[in-house]
Structures are given as structure tokens and as C-alpha cells.
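Chemist: In terms of numbering that gives the first Met the number 0, the sequence shown opens at residue 0 and continues consecutively.
For each residue, glycine too, the CB sits at the ideal point set by N, CA and C.
These figures come from a predicted structure and were not determined experimentally.
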Amino acid sequence: MSSSVEKSGDNVTRGPHPVNEVPKAGFGKKSLVRAAVLVSAMTLLGRVLGLIRDILSAKTFGTRWQWDAFIYAFMIPNLFRRIVGEGGLTSAFIPVYNETKTKQGVAEAFRFANVTLCFLACALLVFVIAVQGLITAILAAGHYSEMLTLTLNLLRILFPYLWFLSLYALGMGILNSHGHFLAPSLGSVILDGVWIFAILWVPSWVGTDYADRIRWLTYTLLFAGFLHVAVEIPPLWKIGFRFKFIWDLAHEGLKKTWKLLLPVVMSFAVVQINITVDATLGLVIGPGANSSLWYGNRLMQFPLGIFALAMGTALLPMLSQQIASGEREAAKRSLSFALRSVFFIIIPSSVGLIVFREEIIRFLFERGEFDPVSTARSAAVLLGYTIGLFAYSGQKIMAAGYYAAHDTKTPMRTALVSLFLNIVLNLILMIPLKEAGLALATSISGIVQFGQLIYYYPKKVGEFPFREIARSFFRILLASAAMAGICYASLAGLRSVVPGTDTLAQGIQVLGSILIAIISYLALCFLFRVPEIHEAVEWIRKKRKRK
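#1: Where do the N-terminal and C-terminal ends of the alpha helix (DSSP H) with T413 fall, by residue?
#2: Enumerate in chain order the residues of its own chain whose CB-to-CB distance from H533 is below 6 Å, with the five nearest sequence positions on each side excluded.
#3: The alpha helix (DSSP H) spanning K102 covers which residue range?
#4: Among the residues of its own chain, which have a CB less than 6 Å from the CB of L428, if the five just before and after it don't count?
#5: Please report the residue range of the alpha helix (DSSP H) in which Y391 lies.
#6: Looking at I353: is its Cβ nearer than 7 Å to the Cβ of S392?
#7: Considering only residues of the same chain and omitting the five flanking positions on each side of R528, which have a CB-CB separation below 7 Å?
#8: For L526, count neighbouring C-beta atoms within 10 Å of its own C-beta (all shown protein chains included) and say buried if the count is 16 or more, exposed if not.
#9: Could you check the C-alpha separation between E358 and S349 for me, to the nearest Å?
#10: Between the segment 397-412 and the segment 90-97, do three or more beta carbon pairs fall short of 8 Å?
#11: Closest to L476 by C-alpha separation, out of F389, S324, L382 and V283, would be which residue?
#12: Taking 8 Å as the cut-off, does the segment 121-132 touch the segment 155-165 (at least 3 CB pairs, one atom from each stretch)?
#13: On the criterion of 16 or more Cβ atoms from any shown chain inside 10 Å, does G87 qualify as buried, or is it exposed?
#14: Alpha carbon to alpha carbon, what distance is there between A491 and L226?
#15: What does the Cβ neighbour count give for E462, buried or exposed, with the cut at 16 atoms within 10 Å?
#16: Per the contact definition of three or more C-beta pairs closer than 8 Å, is the segment 167-186 in contact with the segment 36-48?
#17: Return helix, strand or coil for P530, following the three-state DSSP convention.
#18: From this set, L415, M482, P76 and Q451, which residue's C-alpha is nearest N273's C-alpha?
#19: Considering K243, what are the terminal residues of the alpha helix (DSSP H) in which it resides?
#20: For T219, I'd like the list of residues in its chain whose CB is within less than 8 Å of its CB, leaving aside the five on either flank, ordered along the chain.
#21: To the nearest whole angstrom, what separates the beta carbons of T101 and S324, a pair I think is in contact under 8 Å?
#22: Whole-angstrom Cβ separation of I173 and V230, contact assumed at under 8 Å?
#23: Taking all protein chains shown into account, decide if S571 is buried (16 or more other Cβ within 10 angstroms of its Cβ) or exposed.
#24: For G8, which of helix, strand or coil comes out of DSSP?
#25: Assuming the contact rule is C-beta atoms closer than 8 Å, I396 and A313 should be a hit. Round their C-beta distance to whole Å, please.
#26: Grab me the residues of D191's own chain with a C-beta within less than 7 Å of its C-beta, minus the 5 sequence neighbours each way, in chain order.
#27: Please return the same chain residues whose Cβ sits closer than 8 Å to the Cβ of Y611, not counting the five positions on each side in sequence.
#28: In the DSSP assignment, find the alpha helix (DSSP H) that holds L166 and state where it starts and stops.
#29: If I follow the unbroken alpha helix (DSSP H) through S319, where does it start and stop?
#30: Am I right that P548 and L157 are in contact with their C-beta atoms under 8 Å? What's the rounded C-beta distance?
#31: Do the segment 53-70 and the segment 138-154 make contact, defined as three or more Cβ pairs closer than 8 Å?
#32: For the putative contact between Q448 and Q394, defined by C-beta atoms under 8 Å, what is the C-beta separation to the nearest angstrom?
#33: Closest to S442 by CA distance: which of L424, Y455 and F240 is it?
See below:
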């Protein structure tokens, strides 16, 4: 087999270090915070663009059936992408890649990456072509409803998006393992930027029909998928990675990844099956249900993506290298710090979303085709989802702890319990609460799964500082509860000072209340002696001294 890198003497000189060199371990809070802040900043930019995207989508399409068809079609390749690509494969690939890099050197790690890349690209190409052929055969076999026909056509267009995004996810795993987080974190910025462009600029040949405009949007997303891969090529080249076609199904690293991958795939499949079940039951509930679930979920994902997913992204390669280097106590401290830091942000964010849910949705979306009824339905969904936001965030952090320790079976088992519970609760709660019941069922099952991950972790790693985490959690909860009262009072006060329902008045009421809430929360954290506020202040002081 040819090597994945070009050699000069004993070491490869391209890239920031010789690729045969075994890297030294050494991660800490500073590295984790720096990486998490960078990913959070890029995620924040992506979420802001995502909000603009959703505002434009709501104004253009509202909750029409054509938009429901697009949401359902877009969800399917995303489901497979998360299972095979950035979800399952990355979670299994990063621990093995870091173990190879730590014990055998970067050259062998690059070779392992090429083996995995070649296998993934070929397997997914065959899968995408097969699915597109199957959809074409289904469409040719008979006549279907207008909505189902549009959904299948959109799905056929979108499936190659899975191929691009899965390759992008593997590149993300390589770059993150080498401490490069900027390019991989641009994914949502690229997607949302292209999406906004496609809504604002529609060629004259597309037409004015809603279905035609959605087809145009769908085609532009394929270009976004290509850009995801293209943006990672320069930093991969910089670290010394060179693509070489290496077909080696017997490679030990690929075998280890495959062994870890199956339970991870099942875990991520369960999550995506939950989403698919919710969307399918949304179709049963009736028009507008899936659109309401979409908008509510998008707002809930805003803090989740900025803080929890960013921390999880930075945490997994760090924990993997710490454990591979035998630094298990350091790994425990990193995991505890990550959990407490995420709760410090996510719990008050959840309270804010619950208190201001209708005001936020009205301010952002209520225009054009998005009417007051759409606002009320989406706000009810947002309430249901936000109740479990702390648990979804905790799951991301705890899952990184399990995967870094090469334990992929425990998260799989907890996910299966969550799936069963979610389906049962969906069927019970959708009758009285409609789509809001589906969101609430997701929250309850998410809380149960997070509780299981917390309960089983000491059996994997030994003693774990849960008392420290619990103490911090309840102090943050107290500060957030006190903040809720201030939120209601500030909103009422601003409504009396700046009355009105126009966009400017709503913006002052909502944004002003959020600003007051943030300031009051920080003050309350000092009052309740929340440890994370003191750690944050100390970190800022050190940064200022270095400058």
C-alpha cells in the first residue's frame, strides 16, 4: 500500500510538525475553553444566519404544505448524515484516530484517515445512487398525492447532499484532532448563507409557484454541500494531510472504528428515528404541525448549538487524547468542567426561552404568511422542547465521555430506552396537546436518557465528581429561577414604557428584557456563589493581563 504522506528521510517535513513524530499529550481547561469559544463564535454566527434564514423562510412560505414537504424531505438525508457522517462515524473515528496518533505517530494516523475516507466515499456513493434509483422507480410506479410527489422529488434531489456532508464530517474529525476548529465550524455558516441567497435571489426561469421556488432552494443546497468539503481542503493540506486512495479493509484502525461504530450508529439512529416519528405523527396531526415543530426546534437549537454542541465538539478529541495517554484523572476534570460550564449557560437560556417564548417568535417570525395562530402553535412547541434543553446539552457532554473511553454500548442502551419512552409518550400526549405534546415527550425522554448516562458513568471510569456538579447545578437553578421573576417584571415594565406591537416596539421590549435578564443573572450568580462565575472572571482577568 502506498503511504498517505510523502516522506523526506525519517520524517515528513510538510505541515506544522514531522508526521512520524508521536505528539505529546497535554490538554487542560485553557485549551478546552479556547476551542469551545472559537466553535461557539462560529456557531453563533451560523445561528444568527439561521434565524435570518428562518425569518425569510417563514415570510416566504409560512406553514404551507409545500414547506411541510421540503422539511420532511430535508430531514431524511440529514437523518442519514447524522447517523453515518458527523454523528456516528465522527464519534467512533476520533477516539481511534487520536489513539493511533498518540501511540504510532501522525503518519500512521494519516494513513488510517485515508483508508477510512476511501471506504466511506465509495460506500456512500453506491448508497446514494441506489436510493435515487429507488425513488425514481417509486415515482414511476403510480400516481400519488401532490404533497407526496413533491416530497419524493425533493428527496431525490437532496440525497447527494449526504455524500458531501459525510466527507466534511470526517475532515472535521481529522482537523479537530489536530487542534484546528475554525474551518470545520463554518458548516452552518455556509449552509445558511447559501439558503438565504436562494430565498432572496430567484432566477426568472424558476417561476413564482411555491413548489418551483422550493425546488430551486433544494438544488442550491447541493452546492452548499460541495462548499462544506472545499473549505476544509486548505487546513488539511496545512497540517500535512495528503489524500491517497488506499483500499485496505483489513486495516486495524478501520476494524476498531467499525467495532465502535455499530453501537454509535444505533444510538444516533435512535435519535433520528425519534425525530422521524415526531415528523410522521406531525403529518397525522394535520397541516402546520411539522412547520410549528420546525420553528420551535430551531429556536431551542440556538443555545444548544452555540454552547453544548460547541463544547462537545472541542471536548471529544481532548478526552480521547487524555485517555489514550493514560491521563484519566485529567479526563474526569475536563468532563466535569465541561458539564458545569454548559449548565452555567444553558439553564438560564432555557428559562429565558420559556418566559419570552411568544414574544420572541412574534418578533422574529410573525409577518407575511406566518400569522398569530402560527405564533401560538410554535410557542407551545418551544415550551415543550425547552423543558428538556439542559438534558439534551448534558447528553452531548456525557456522550463524549463515553466515546472517548471507547464505550459506545452504554449510550446505545440508554438511547433505546429513550426511543421506547418517546414513542409511548408521543401517542399519549399528542391527543390533548397536539404537536406541543410531541415536543414535551421528546423532553421527558431526553431527561430520562441523561439521567441514565450520569448514573452509569462511574461504573466505567470509577469515582466521578458528581457532588461538585450537583452543587453547581442547583445554585445555577436558583439563580435562574430568581431571574425568571425579573424577566416577567422587566417585560411588563418595558411594555408600559414602550407600548405598541410594531416591529421596533417589539424589538425594544424583547431585546431590552433579555439584556436585563442577562445582567440580573450574572449578579445573582455572585449572590448565590455559583463557582463558574468566579472561574469566568478569573479567566477574563488572565486574558487581559496577557494582552
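Modeler: Quick answer:
#1: K408 to L432
#2: Annotation for H533: no residue places its beta carbon closer than 6 Å to its own, counting only its chain and skipping 5 residues before and after.
#3: For K102, the uninterrupted alpha helix (DSSP H) run begins and ends at G87 to Q103, by DSSP.
#4: So the list reads G436, L439 and A440, once near-sequence residues are dropped.
#5: L388 to A403
#6: The answer is no: Cβ separation not under 7 Å.
#7: R474
#8: That one is exposed.
#9: 15 Å
#10: Touching, yes, given that three or more Cβ pairs across the two stretches are closer than 8 Å.
#11: Of F389, S324, L382 and V283, the residue nearest in Cα terms is F389.
#12: yes
#13: By the 10 Å Cβ count, G87 comes out buried.
#14: Each residue's alpha carbon lies about 46 Å from the other.
#15: exposed
#16: They touch, by the three-pair rule.
#17: Three-state result, P530: helix.
#18: Restricting attention to L415, M482, P76 and Q451, the CA atom closest to the CA of N273 is found in L415.
#19: Element bounds for K243: n/a, residue is neither H nor E.
#20: Once the five neighbours on either side are set aside, the close Cβ partners of T219 are V193, W194, F196 and A197.
#21: 6 Å
#22: Not really, about 14 Å apart at Cβ, beyond 8 Å.
#23: Any question about residue 571 goes unanswered here, given that the chain covers just 0 to 546.
#24: In this prediction, G8 has a pLDDT of 36, which is less than 50 and means its spatial position is unreliable; what the coordinates show is noted afterwards. G8 falls in the coil class under three-state DSSP.
#25: Actually they do not touch by this definition, with Cβ atoms about 11 Å apart.
#26: G45, L48, G49 and R52
#27: As shown, the chain starts at 0 and ends at 546. That puts residue 611 outside it, with no answer to give.
#28: P159 to S176
#29: Its alpha helix (DSSP H) spans residues A309 to A323.
#30: Since the first residue shown for the chain is 0 and the last is 546, residue 548 is missing from the structure and cannot be characterised.
#31: Touching, per the Cβ criterion.
#32: 6 Å
#33: L424
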